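J.: Position 199 of the sequence shown, counted from 1, bears residue number 199 in my numbering, the numbering being contiguous throughout.
A virtual CB, placed ideally from N, CA and C, is assigned to each residue, including glycine.
Because the structure is a prediction, the values reported are computed rather than measured.
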Amino acid sequence: MNRRKLLPAVLALAAVPLSLAGCGEAGGGDAAATGGDDAARTVVVGTEPTFPPFEMKDENDVTVGFDIDLFKAIAEDQGFTPDFRDVGFDSLIPSLNSGQIDVAVSGMSITEERQQTVDFTDPYVNAGLVIATRPDTGIGGVDDLAGRQVGVNIGTTGATAAEELAAEGKIGGVQTFQDVGLSMEALVAGKVDAVINDKPVSETYAKSRPDKVIILPEVLVADDYGMAVRKGNTELLETLNAGLANVKASGQFDTIQDRWFGDDAPAAVEDAAD
Numbered sequence: 001m002n003r004r005k006l007l008p009a010v011l012a013l014a015a016v017p018l019s020l021a022g023c024g025e026a027g028g029g030d031a032a033a034t035g036g037d038d039a040a041r042t043v044v045v046g047t048e049p050t051f052p053p054f055e056m057k058d059e060n061d062v063t064v065g066f067d068i069d070l071f072k073a074i075a076e077d078q079g080f081t082p083d084f085r086d087v088g089f090d091s092l093i094p095s096l097n098s099g100q101i102d103v104a105v106s107g108m109s110i111t112e113e114r115q116q117t118v119d120f121t122d123p124y125v126n127a128g129l130v131i132a133t134r135p136d137t138g139i140g141g142v143d144d145l146a147g148r149q150v151g152v153n154i155g156t157t158g159a160t161a162a163e164e165l166a167a168e169g170k171i172g173g174v175q176t177f178q179d180v181g182l183s184m185e186a187l188v189a190g191k192v193d194a195v196i197n198d199k200p201v202s203e204t205y206a207k208s209r210p211d212k213v214i215i216l217p218e219v220l221v222a223d224d225y226g227m228a229v230r231k232g233n234t235e236l237l238e239t240l241n242a243g244l245a246n247v248k249a250s251g252q253f254d255t256i257q258d259r260w261f262g263d264d265a266p267a268a269v270e271d272a273a274d
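Structure, rendered in structure tokens:
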């Protein structure tokens with residue numbers, strides 16, 4: 001396989017303004033049960049498709065990305081059918097716990113706060129928060145954020161980190177956006193001076209606009225991505241963990257990673273596949 005085959009398409013999609021205007025939460029009612037005959041089993045998956053290259057919309061408005069292909073591989077290995085639904089990131093855990101979806105797969109960091117309300121699979125990607133800025137801001141690290149406006153995405157670990165820095169007086173102000181595309185647009189337009197977000201996604205945007213966006217080398221917070229299920233849903237959790245382990249052992253994880261990251265795959269993603 002050509003390791004760079006899909007990377008230009010990923011960068012092109014990352015450069016397109018992304019918003020949730022065309023996305024809705026999963027429909028009302030309980031999600032499909034995960035028990036019963038494997039051939040008829042459906043798992044309803046909530047994802048916010050504004051997080052390239054993990055999840056995003058292609059030119060045909062179909063949700064694609066690293067997370068999507070990984071979950072499809074897990075589903076095939078374990079013999080169930082995934083039903084992907086568009087859900088705003090800040091609505092994923094409420095939708096999960098209300099029964100509208102069975103699992104949240106959306107580049108979600110495993111945190112102690114989230115573990116109080118949901119259960120996570122084994123981690124599958126090491127991410128970490130970084131600062132994105134413009135080349136002309138003179139920002140070289142956290143110490144340069146005093147008095148500056150920082151963009152974050154609602155409900156994310158980046159938002160939590162920025163709010164903590166603001167409380168310590170290390171940030172001039174925090175502006176919250178619905179998705180990473182909007183926060184990066186604000187950065188390019190000069191509406192904010194920096195954006196705090198996950199490293200792999202921030203790097204994808206920087207590659208699409210190298211003259212406008214740079215990524216600082218410091219990792220503010222190291223964290224892992226996991227897939228979230230409702231508390232106590234041990235059957236589904238064990239199914240997903242078994243499938244994830246098999247996909248890694250078979251080499252499919254590496255193939256999917258190559259498809260979406262090419263030769264420039266972040267080292268952290270490669271570490272998670274080991």
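Please classify Thr234: does DSSP put it in a helix, a strand, or coil?
T.: helix
J.: Please name the residue, chosen from Arg114, Val188, Asp90 and Val130, that lies closest to Pro217 on a Cα-to-Cα basis.
T.: When only C-alpha atoms are compared, the closest one is Val130.
J.: Within the same chain, show all residues whose beta-carbon is closer than 7 Å to that of Ala26, passing over the 5 residues directly before and after it, in chain order.
T.: Note that Ala26 has pLDDT 39, beneath the 50 cutoff, so the model's placement of it is unreliable and the number below is only indicative. Counting only Cβ-Cβ distances below 7 Å, and skipping sequence neighbours, we find Val44, Gly46, Arg85, Val87, Ser95, Gln100 and Ile101.
J.: Please work out which residues of its chain come closer than 6 Å, Cβ to Cβ, to Gly173, disregarding the five sequence neighbours upstream and downstream, and give them in chain order.
T.: Gln149
J.: Would you identify the three-state DSSP class for Leu348, choosing helix, strand or coil?
T.: Only positions 1 to 274 of the chain appear in the structure, and residue 348 is not among them; the question remains open.
J.: To which residues of the same chain is Ala166 closer than 6 Å at the C-beta, ignoring the five residues directly before and after it?
T.: Val174
J.: Give me the Cα-Cα distance between Asp143 and Thr239, rounded to the nearest whole angstrom.
T.: 44 Å
J.: Helix, strand or coil for Pro94 per DSSP?
T.: Pro94 falls in the helix class under three-state DSSP.
J.: Around the Cβ of Ala78, are there at least 16 other Cβ atoms within 10 angstroms (buried) or fewer (exposed)?
T.: Note on residue identity: the sequence assigns Gln, not Ala, to residue 78. That one is buried.
J.: Distance, Cα to Cα, Glu168 vs Pro82?
T.: 43 Å
J.: Using CA atoms only, rank isn't needed, just tell me which of Leu220, Thr133, Met108 and Asp58 is closest to Gly277.
T.: Residue 277 lies beyond the residue range present for the chain, which begins at 1 and ends at 274; the question has no answer from this structure.
J.: Compute the Euclidean distance between the alpha carbons of Ala75 and Asp61, then round it to the nearest angstrom.
T.: 22 Å
J.: Residues in the same chain with beta-carbon distance under 6 Å from Asp215, minus the five sequence neighbours each way, listed in chain order, please.
T.: According to the sequence as given, residue 215 is Ile; it is not Asp. Excluding residues within five positions, the ones whose Cβ falls inside 6 Å are Val130, Ala132, Ser202, Glu203 and Ala206.
J.: If you follow the alpha helix (DSSP H) that Arg259 is in, where does it begin and where does it stop?
T.: Gln252 to Phe261
J.: Which runs of the alpha helix (DSSP H) spanning at least 4 residues fall entirely within the stretch 99 to 134, listed in chain order?
T.: Fully enclosed alpha helix (DSSP H) runs of 4 or longer: 112 to 115.
J.: Indicate the three-state DSSP secondary structure (helix, strand or coil) for Met184 in the structure shown.
T.: helix
J.: In its own chain, which residues sit with a C-beta less than 6 Å from the C-beta of Asn233, not counting the 5 before and 5 after it?
T.: none
J.: Buried or exposed: Thr117, going by 16 or more other Cβ atoms within 10 Å of its Cβ?
T.: exposed
J.: Residues in the same chain with beta-carbon distance under 8 Å from Leu145, minus the five sequence neighbours each way, listed in chain order, please.
T.: Ile131, Ile139, Leu165, Lys170, Ile171, Gly172, Asp193 and Ala194
J.: Going by other Cβ atoms of all chains shown within 10 Å of its Cβ, with 16 needed for buried, is Ser183 buried or exposed?
T.: buried
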